[in-house]
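Just so we're aligned: 346 in our numbering is position 354 of the sequence shown, and the numbers increase by one with no gaps anywhere.
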Amino acid sequence: MQDTLEESRAQQRARLLDWLAGQQQAMQDLLQKVVDIDSGSRDEAGVMAVAQALRERLEAAGVAVRFEPVPGYGVLLHADVPGPSEGAPILLMGHMDTVYPAGTVARRPFRVEDGRAYGPGVADMKSGLVLNTFVAEAFARCGGLRAPLKLFFSCDEEIGSPATRERIMDVARGARAVFNAEPGRVSGNLVTSRKGSMAVEFEVEGVAAHAGINHAAGASALEALARKLIALHALTDPATGVTTNVGVVHGGIVPNMVAPHAKAELDVRYTAGTDPDALLERIRAIVEEESLPRTRGRITESRRTLPMAPTPDALLDLYRRGAQSLGFDVQGEFTGGAADSGLTASVGVPTLCGTGPVGGHAHTEREYCELATFVPRAQAVALAVFDHP
(Lines of atoms letter the chains of each structure in order from A and count residues from 1; the text may use other names and numbers.)
(Lines give C-alpha, C1' and ligand atoms only; values in the text may rest on other atoms or scores of the structure.)
Protein backbone atom coordinates (compact mmCIF):
# COMPACT_ATOMS: atom_id res chain seq x y z
CA MET A 1 0.00 0.00 0.00
CA GLN A 2 2.80 2.39 0.94
CA ASP A 3 4.61 1.54 -2.30
CA THR A 4 1.44 2.31 -4.25
CA LEU A 5 1.05 5.70 -2.55
CA GLU A 6 4.68 6.58 -3.19
CA GLU A 7 4.35 5.55 -6.83
CA SER A 8 1.22 7.70 -7.19
CA ARG A 9 3.01 10.70 -5.66
CA ALA A 10 5.94 10.18 -7.99
CA GLN A 11 3.60 10.14 -10.98
CA GLN A 12 1.86 13.33 -9.81
CA ARG A 13 5.23 15.01 -9.35
CA ALA A 14 6.29 14.05 -12.84
CA ARG A 15 3.01 15.31 -14.33
CA LEU A 16 3.40 18.67 -12.57
CA LEU A 17 6.93 19.15 -13.83
CA ASP A 18 6.15 17.97 -17.34
CA TRP A 19 3.12 20.24 -17.66
CA LEU A 20 5.04 23.28 -16.47
CA ALA A 21 7.94 22.41 -18.77
CA GLY A 22 5.62 22.89 -21.74
CA GLN A 23 4.33 26.33 -20.70
CA GLN A 24 7.25 28.62 -21.58
CA GLN A 25 5.54 30.33 -24.51
CA ALA A 26 2.18 30.52 -22.74
CA MET A 27 3.90 32.16 -19.75
CA GLN A 28 5.56 34.69 -22.02
CA ASP A 29 2.29 35.43 -23.81
CA LEU A 30 0.46 36.11 -20.54
CA LEU A 31 3.39 38.19 -19.31
CA GLN A 32 3.18 40.36 -22.41
CA LYS A 33 -0.55 40.77 -21.93
CA VAL A 34 -0.29 42.02 -18.34
CA VAL A 35 2.87 44.12 -18.86
CA ASP A 36 1.10 45.96 -21.67
CA ILE A 37 -1.50 47.22 -19.19
CA ASP A 38 -0.68 50.37 -17.22
CA SER A 39 -1.46 49.49 -13.58
CA GLY A 40 0.24 52.07 -11.40
CA SER A 41 -0.83 52.29 -7.78
CA ARG A 42 -4.28 53.91 -7.51
CA ASP A 43 -5.03 53.14 -11.19
CA GLU A 44 -8.23 51.23 -10.46
CA ALA A 45 -9.04 50.44 -14.09
CA GLY A 46 -5.51 49.24 -14.82
CA VAL A 47 -5.31 47.00 -11.78
CA MET A 48 -8.73 45.58 -12.63
CA ALA A 49 -7.60 44.85 -16.20
CA VAL A 50 -4.55 42.95 -14.94
CA ALA A 51 -6.71 41.02 -12.49
CA GLN A 52 -9.18 40.16 -15.24
CA ALA A 53 -6.42 38.84 -17.52
CA LEU A 54 -5.17 36.55 -14.75
CA ARG A 55 -8.70 35.53 -13.84
CA GLU A 56 -9.43 34.42 -17.40
CA ARG A 57 -6.41 32.11 -17.39
CA LEU A 58 -7.24 30.64 -14.00
CA GLU A 59 -10.94 30.10 -14.64
CA ALA A 60 -10.17 28.39 -17.96
CA ALA A 61 -8.28 25.81 -15.89
CA GLY A 62 -11.19 25.40 -13.48
CA VAL A 63 -9.72 27.50 -10.66
CA ALA A 64 -12.27 29.43 -8.60
CA VAL A 65 -11.52 33.17 -8.58
CA ARG A 66 -13.18 36.09 -6.87
CA PHE A 67 -12.44 39.81 -6.70
CA GLU A 68 -12.61 41.87 -3.52
CA PRO A 69 -13.06 45.58 -4.33
CA VAL A 70 -10.64 48.07 -2.79
CA PRO A 71 -12.12 51.52 -3.59
CA GLY A 72 -9.52 53.92 -4.89
CA TYR A 73 -7.00 51.16 -5.63
CA GLY A 74 -8.67 48.39 -7.63
CA VAL A 75 -9.32 44.86 -6.41
CA LEU A 76 -7.77 41.99 -4.51
CA LEU A 77 -7.67 38.72 -6.43
CA HIS A 78 -8.42 35.54 -4.49
CA ALA A 79 -8.12 32.13 -6.13
CA ASP A 80 -8.37 28.70 -4.56
CA VAL A 81 -7.26 25.23 -5.59
CA PRO A 82 -8.75 22.77 -3.07
CA GLY A 83 -6.61 20.15 -1.38
CA PRO A 84 -7.76 16.65 -0.40
CA SER A 85 -9.16 18.10 2.81
CA GLU A 86 -9.90 21.46 4.34
CA GLY A 87 -7.24 23.02 6.49
CA ALA A 88 -4.54 25.63 6.58
CA PRO A 89 -3.59 26.66 3.04
CA ILE A 90 -0.29 27.42 1.38
CA LEU A 91 -0.37 31.00 0.09
CA LEU A 92 1.11 32.22 -3.20
CA MET A 93 1.24 36.00 -3.05
CA GLY A 94 1.92 38.98 -5.29
CA HIS A 95 0.87 42.51 -6.16
CA MET A 96 -0.69 43.85 -9.35
CA ASP A 97 0.29 47.52 -9.05
CA THR A 98 3.49 49.05 -10.40
CA VAL A 99 5.39 52.29 -9.81
CA TYR A 100 4.80 53.55 -13.36
CA PRO A 101 2.28 56.27 -14.33
CA ALA A 102 -0.38 55.98 -17.00
CA GLY A 103 1.07 56.29 -20.48
CA THR A 104 4.26 54.34 -19.74
CA VAL A 105 3.16 51.32 -21.79
CA ALA A 106 2.56 53.52 -24.83
CA ARG A 107 6.15 54.79 -24.59
CA ARG A 108 7.87 51.48 -23.94
CA PRO A 109 5.68 48.41 -24.31
CA PHE A 110 6.72 44.81 -23.74
CA ARG A 111 9.63 43.62 -25.84
CA VAL A 112 12.08 40.74 -25.85
CA GLU A 113 15.77 41.11 -26.56
CA ASP A 114 18.50 38.51 -26.06
CA GLY A 115 16.35 36.34 -23.84
CA ARG A 116 15.23 39.18 -21.61
CA ALA A 117 11.76 40.68 -21.44
CA TYR A 118 11.49 44.42 -20.89
CA GLY A 119 8.59 46.67 -19.98
CA PRO A 120 6.99 48.47 -17.03
CA GLY A 121 6.63 46.08 -14.10
CA VAL A 122 7.98 43.10 -16.03
CA ALA A 123 10.05 41.94 -13.04
CA ASP A 124 8.36 43.80 -10.19
CA MET A 125 6.24 41.89 -10.28
CA LYS A 126 4.11 40.90 -13.22
CA SER A 127 6.36 37.96 -14.03
CA GLY A 128 5.79 36.73 -10.47
CA LEU A 129 2.02 36.99 -10.90
CA VAL A 130 2.27 34.92 -14.05
CA LEU A 131 4.50 32.32 -12.36
CA ASN A 132 2.07 31.92 -9.45
CA THR A 133 -0.86 31.69 -11.85
CA PHE A 134 0.77 28.83 -13.74
CA VAL A 135 1.74 27.01 -10.54
CA ALA A 136 -1.89 27.14 -9.41
CA GLU A 137 -3.03 25.96 -12.84
CA ALA A 138 -0.54 23.09 -12.74
CA PHE A 139 -2.05 21.75 -9.51
CA ALA A 140 -5.58 22.27 -10.79
CA ARG A 141 -4.78 20.19 -13.90
CA CYS A 142 -2.39 17.60 -12.45
CA GLY A 143 -3.34 17.21 -8.78
CA GLY A 144 -0.84 16.51 -6.04
CA LEU A 145 -1.86 18.96 -3.32
CA ARG A 146 -1.73 17.87 0.30
CA ALA A 147 -3.22 21.15 1.51
CA PRO A 148 -5.39 23.84 -0.10
CA LEU A 149 -3.50 26.27 -2.32
CA LYS A 150 -4.51 29.92 -2.34
CA LEU A 151 -3.51 32.80 -4.60
CA PHE A 152 -3.73 36.30 -3.17
CA PHE A 153 -2.78 39.27 -5.36
CA SER A 154 -2.97 42.77 -3.87
CA CYS A 155 -3.23 46.20 -5.48
CA ASP A 156 -1.28 48.84 -3.51
CA GLU A 157 2.05 47.31 -2.45
CA GLU A 158 4.20 49.88 -4.23
CA ILE A 159 2.87 52.64 -1.98
CA GLY A 160 3.15 50.67 1.24
CA SER A 161 -0.17 48.77 1.14
CA PRO A 162 -2.14 51.52 2.94
CA ALA A 163 -5.54 50.05 2.04
CA THR A 164 -4.73 46.34 2.21
CA ARG A 165 -2.15 45.73 4.94
CA GLU A 166 -4.67 44.49 7.50
CA ARG A 167 -6.33 42.31 4.87
CA ILE A 168 -2.97 40.81 3.89
CA MET A 169 -2.24 39.89 7.50
CA ASP A 170 -5.73 38.44 7.95
CA VAL A 171 -5.37 36.26 4.86
CA ALA A 172 -1.92 35.07 5.96
CA ARG A 173 -2.85 34.18 9.53
CA GLY A 174 -2.97 30.43 9.95
CA ALA A 175 -1.37 29.66 6.57
CA ARG A 176 1.21 26.88 6.46
CA ALA A 177 3.63 28.99 4.42
CA VAL A 178 3.78 32.01 2.13
CA PHE A 179 5.68 32.18 -1.15
CA ASN A 180 5.85 35.80 -2.32
CA ALA A 181 6.78 36.04 -6.00
CA GLU A 182 8.80 39.24 -5.93
CA PRO A 183 11.59 38.94 -8.52
CA GLY A 184 14.45 36.57 -7.86
CA ARG A 185 17.69 38.41 -7.21
CA VAL A 186 20.10 39.00 -10.10
CA SER A 187 22.23 36.27 -8.50
CA GLY A 188 19.25 33.90 -8.70
CA ASN A 189 18.93 33.89 -4.93
CA LEU A 190 15.76 34.12 -2.89
CA VAL A 191 14.98 36.80 -0.32
CA THR A 192 14.93 35.57 3.27
CA SER A 193 14.81 38.93 5.10
CA ARG A 194 14.05 42.53 4.19
CA LYS A 195 14.20 46.02 5.57
CA GLY A 196 11.01 47.80 6.47
CA SER A 197 10.06 51.05 4.76
CA MET A 198 8.39 54.25 5.75
CA ALA A 199 6.94 56.83 3.37
CA VAL A 200 6.50 60.30 4.85
CA GLU A 201 4.83 63.14 2.97
CA PHE A 202 5.18 66.63 4.38
CA GLU A 203 4.59 70.25 3.48
CA VAL A 204 6.12 73.58 4.43
CA GLU A 205 4.33 76.93 4.56
CA GLY A 206 6.20 80.17 4.03
CA VAL A 207 5.32 83.80 3.35
CA ALA A 208 4.90 85.08 -0.18
CA ALA A 209 6.57 88.30 -1.28
CA HIS A 210 7.83 89.95 -4.47
CA ALA A 211 11.37 88.65 -4.85
CA GLY A 212 12.64 91.95 -6.25
CA ILE A 213 10.62 94.68 -4.57
CA ASN A 214 10.03 93.25 -1.10
CA HIS A 215 12.32 90.25 -0.68
CA ALA A 216 12.81 90.71 3.08
CA ALA A 217 9.07 90.49 3.71
CA GLY A 218 9.01 86.91 2.44
CA ALA A 219 9.93 83.63 4.05
CA SER A 220 10.81 80.96 1.50
CA ALA A 221 9.12 77.61 1.99
CA LEU A 222 11.60 76.18 -0.51
CA GLU A 223 14.62 77.30 1.50
CA ALA A 224 13.08 75.89 4.66
CA LEU A 225 12.41 72.62 2.87
CA ALA A 226 15.99 72.50 1.59
CA ARG A 227 17.30 72.83 5.14
CA LYS A 228 14.95 70.06 6.27
CA LEU A 229 16.10 67.88 3.39
CA ILE A 230 19.71 68.11 4.57
CA ALA A 231 18.70 67.27 8.13
CA LEU A 232 16.54 64.36 7.02
CA HIS A 233 19.31 62.91 4.87
CA ALA A 234 21.63 63.18 7.87
CA LEU A 235 19.49 60.51 9.58
CA THR A 236 21.05 57.93 7.26
CA ASP A 237 23.22 55.66 9.38
CA PRO A 238 24.98 52.68 7.76
CA ALA A 239 25.77 51.28 11.20
CA THR A 240 22.08 50.77 12.01
CA GLY A 241 20.85 50.17 8.45
CA VAL A 242 18.69 53.30 8.35
CA THR A 243 18.60 55.15 5.04
CA THR A 244 16.63 58.28 4.17
CA ASN A 245 15.92 59.81 0.78
CA VAL A 246 13.79 62.80 -0.16
CA GLY A 247 12.95 61.69 -3.68
CA VAL A 248 10.15 64.09 -4.68
CA VAL A 249 9.95 67.86 -4.15
CA HIS A 250 7.35 70.38 -5.33
CA GLY A 251 7.08 74.06 -4.51
CA GLY A 252 6.87 77.68 -5.48
CA ILE A 253 4.74 79.48 -8.03
CA VAL A 254 6.94 81.72 -10.19
CA PRO A 255 10.66 82.63 -10.02
CA ASN A 256 10.07 86.22 -8.90
CA MET A 257 7.93 85.25 -5.91
CA VAL A 258 9.33 84.08 -2.57
CA ALA A 259 7.84 80.59 -2.38
CA PRO A 260 4.84 80.41 -0.02
CA HIS A 261 4.48 76.64 -0.15
CA ALA A 262 6.50 73.48 -0.74
CA LYS A 263 6.00 69.78 -0.23
CA ALA A 264 8.13 66.67 -0.42
CA GLU A 265 8.09 62.89 -0.10
CA LEU A 266 10.60 61.04 2.06
CA ASP A 267 11.52 57.35 1.75
CA VAL A 268 12.97 55.66 4.84
CA ARG A 269 14.36 52.12 5.13
CA TYR A 270 15.13 50.41 8.43
CA THR A 271 15.96 47.03 9.90
CA ALA A 272 14.10 44.93 12.46
CA GLY A 273 16.40 46.34 15.14
CA THR A 274 15.08 49.88 14.63
CA ASP A 275 12.23 51.41 16.63
CA PRO A 276 10.11 52.86 13.81
CA ASP A 277 8.00 55.00 16.16
CA ALA A 278 11.09 56.68 17.59
CA LEU A 279 12.48 57.17 14.08
CA LEU A 280 9.24 58.80 12.95
CA GLU A 281 9.38 61.19 15.91
CA ARG A 282 12.89 62.26 14.89
CA ILE A 283 11.55 62.91 11.40
CA ARG A 284 8.58 64.82 12.78
CA ALA A 285 10.86 67.04 14.86
CA ILE A 286 12.84 68.00 11.75
CA VAL A 287 9.72 68.63 9.68
CA GLU A 288 8.03 70.75 12.37
CA GLU A 289 11.13 72.72 13.33
CA GLU A 290 11.09 76.39 12.28
CA SER A 291 14.04 75.91 9.95
CA LEU A 292 13.62 79.47 8.75
CA PRO A 293 11.81 82.23 10.68
CA ARG A 294 8.11 82.49 9.82
CA THR A 295 7.95 79.09 8.15
CA ARG A 296 6.34 75.98 9.52
CA GLY A 297 6.16 72.36 8.43
CA ARG A 298 3.87 69.44 9.08
CA ILE A 299 3.60 65.78 8.13
CA THR A 300 0.54 65.20 5.96
CA GLU A 301 0.77 61.42 5.63
CA SER A 302 2.96 58.55 6.79
CA ARG A 303 2.75 54.84 6.10
CA ARG A 304 5.08 51.95 6.65
CA THR A 305 5.84 48.39 5.63
CA LEU A 306 7.22 46.07 8.27
CA PRO A 307 10.64 44.42 8.02
CA MET A 308 10.53 40.81 6.92
CA ALA A 309 11.66 38.51 9.71
CA PRO A 310 14.16 35.85 8.59
CA THR A 311 12.72 32.86 6.74
CA PRO A 312 12.87 29.67 8.81
CA ASP A 313 15.65 27.37 7.61
CA ALA A 314 13.18 24.55 7.05
CA LEU A 315 11.23 26.50 4.41
CA LEU A 316 14.36 27.65 2.58
CA ASP A 317 15.73 24.10 2.65
CA LEU A 318 12.45 22.76 1.27
CA TYR A 319 12.70 25.07 -1.75
CA ARG A 320 16.42 24.36 -2.19
CA ARG A 321 15.90 20.59 -2.28
CA GLY A 322 13.39 20.97 -5.09
CA ALA A 323 15.63 23.40 -6.97
CA GLN A 324 18.62 21.08 -6.64
CA SER A 325 16.58 18.21 -8.05
CA LEU A 326 15.91 20.43 -11.07
CA GLY A 327 19.59 21.22 -11.55
CA PHE A 328 20.06 24.60 -9.90
CA ASP A 329 20.71 25.92 -6.43
CA VAL A 330 19.89 29.10 -4.55
CA GLN A 331 20.79 30.82 -1.32
CA GLY A 332 18.78 33.21 0.81
CA GLU A 333 19.82 36.83 1.04
CA PHE A 334 18.89 40.08 2.74
CA THR A 335 17.67 43.10 0.77
CA GLY A 336 16.95 46.72 1.55
CA GLY A 337 13.75 46.62 -0.48
CA ALA A 338 10.49 46.33 1.44
CA ALA A 339 7.57 44.09 0.46
CA ASP A 340 4.30 42.63 1.71
CA SER A 341 6.28 39.59 2.86
CA GLY A 342 7.13 41.72 5.89
CA LEU A 343 3.45 41.75 6.79
CA THR A 344 2.99 38.00 6.46
CA ALA A 345 6.17 37.25 8.43
CA SER A 346 4.99 39.65 11.15
CA VAL A 347 2.02 37.40 11.96
CA GLY A 348 4.29 34.41 12.43
CA VAL A 349 3.80 32.66 9.10
CA PRO A 350 6.94 31.13 7.53
CA THR A 351 7.56 33.32 4.49
CA LEU A 352 9.89 32.98 1.53
CA CYS A 353 10.24 35.93 -0.84
CA GLY A 354 11.81 36.52 -4.24
CA THR A 355 10.36 33.30 -5.66
CA GLY A 356 9.47 34.92 -8.99
CA PRO A 357 11.57 34.70 -12.15
CA VAL A 358 14.98 36.35 -11.98
CA GLY A 359 14.92 40.05 -12.83
CA GLY A 360 16.76 43.29 -12.29
CA HIS A 361 16.73 47.10 -12.41
CA ALA A 362 13.23 47.29 -10.90
CA HIS A 363 11.62 50.74 -10.84
CA THR A 364 13.72 51.92 -13.81
CA GLU A 365 13.42 51.98 -17.59
CA ARG A 366 16.01 49.17 -17.69
CA GLU A 367 13.81 46.73 -15.75
CA TYR A 368 14.03 43.22 -17.17
CA CYS A 369 13.04 39.59 -16.59
CA GLU A 370 15.20 36.58 -17.51
CA LEU A 371 12.72 34.51 -19.52
CA ALA A 372 14.77 31.31 -19.24
CA THR A 373 14.18 31.28 -15.47
CA PHE A 374 10.37 31.14 -15.77
CA VAL A 375 9.90 27.39 -16.06
CA PRO A 376 12.54 26.17 -13.58
CA ARG A 377 11.50 28.63 -10.90
CA ALA A 378 7.81 27.78 -11.42
CA GLN A 379 8.76 24.12 -11.06
CA ALA A 380 10.72 24.87 -7.89
CA VAL A 381 7.75 26.65 -6.29
CA ALA A 382 5.49 23.80 -7.35
CA LEU A 383 7.84 21.26 -5.73
CA ALA A 384 7.99 23.29 -2.52
CA VAL A 385 4.19 23.24 -2.40
CA PHE A 386 4.04 19.58 -3.39
CA ASP A 387 6.53 18.48 -0.72
CA HIS A 388 5.39 20.79 2.07
CA PRO A 389 4.41 18.65 5.05
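For every residue, glycine included, the Cβ atom is placed at its ideal position computed from N, Cα and C.
Remember, predicted model here, so these are calculated numbers, not experimental data.
With the rule of 3 Cβ pairs closer than 8 Å, the region 209 to 220 does not count as touching the region 177 to 189. In the DSSP assignment, R296 falls within the unbroken beta strand (DSSP E) covering 288 to 297.
V62 and C147 do touch by the CB rule: their CB atoms are close to 6 Å apart, below 8 Å.
Scanning A231, V192, R313, A264 for the CA closest to the CA of L221 turns up V192. Counting only unbroken stretches of 3 or more residues, the beta strand (DSSP E) elements lying wholly within the region 159 to 207 are 169 to 172, 182 to 186, 188 to 197, in sequence order. Separation of the CB atoms of L84 and A128 is rounded to 7 Å, and the pair is thereby assigned contact status at 8 Å. Of all alpha-carbon atoms in I275, V250, N206, the one lying nearest the alpha-carbon of T235 is that of I275. The beta carbon of G135 lies closer than 6 Å to those of Q4 in the same chain, with the five residues before and after it left out. Between the C-alpha atoms of D162 and P247 there is a straight-line separation of about 50 Å. When P112, E158, D72 are compared, the shortest CA-CA separation from K25 is found for P112. Restricting attention to S0, R7, T228, E(-2), the CA atom closest to the CA of A374 is found in R7. For the options P76, R34, L123, N206, the alpha carbon positioned closest to that of A13 is the one of L123. With a cut-off of 8 Å on Cβ pairs, the region 278 to 291 is not in contact with the region 349 to 361, counting fewer than three such pairs. In the DSSP assignment, V73 falls within the unbroken beta strand (DSSP E) covering 66 to 73. Your pair G210 and G198 checks out as a contact, with CB atoms roughly 7 Å apart and the cut at 8 Å. Of all alpha-carbon atoms in R219, A167, M249, the one lying nearest the alpha-carbon of N206 is that of M249.
Of the candidates P175, R108, G243, the residue whose Cα lies closest to the Cα of E362 is R108. If you draw a straight line from the Cα of E149 to the Cα of T(-4), it is about 45 Å long. Taking I151 as reference, the option from V97, A330, I291, W11 with the minimal CA-CA separation is A330. Contact fails between the region 66 to 85 and the region 308 to 320, because fewer than three Cβ pairs, one in each stretch, are under 8 Å apart.
Selection A251, G244, G188 evaluated against A208 yields A251 as nearest (Cα-Cα). Listed in chain order, the non-local C-beta contacts of E280 below 6 Å within the same chain comprise G289, local neighbours out to five positions each way being set aside.
Here the C-alpha atom of G348 lies approximately 18 Å from the C-alpha atom of V104.
The alpha-carbon of G243 is positioned some 28 Å away from that of R99. At the C-beta level, T327 and V350 stay beyond 8 Å of one another. F102 and D30 have their alpha carbons spaced roughly 11 Å apart.
The beta-bridge partner set that DSSP reports for I82 consists of L141, A169. Contact between F171 and A256 does not hold, since their C-beta atoms are separated by about 36 Å, which reaches or exceeds 8 Å.
Going by DSSP, Y311 is part of the alpha helix (DSSP H) stretching over 305 to 318.
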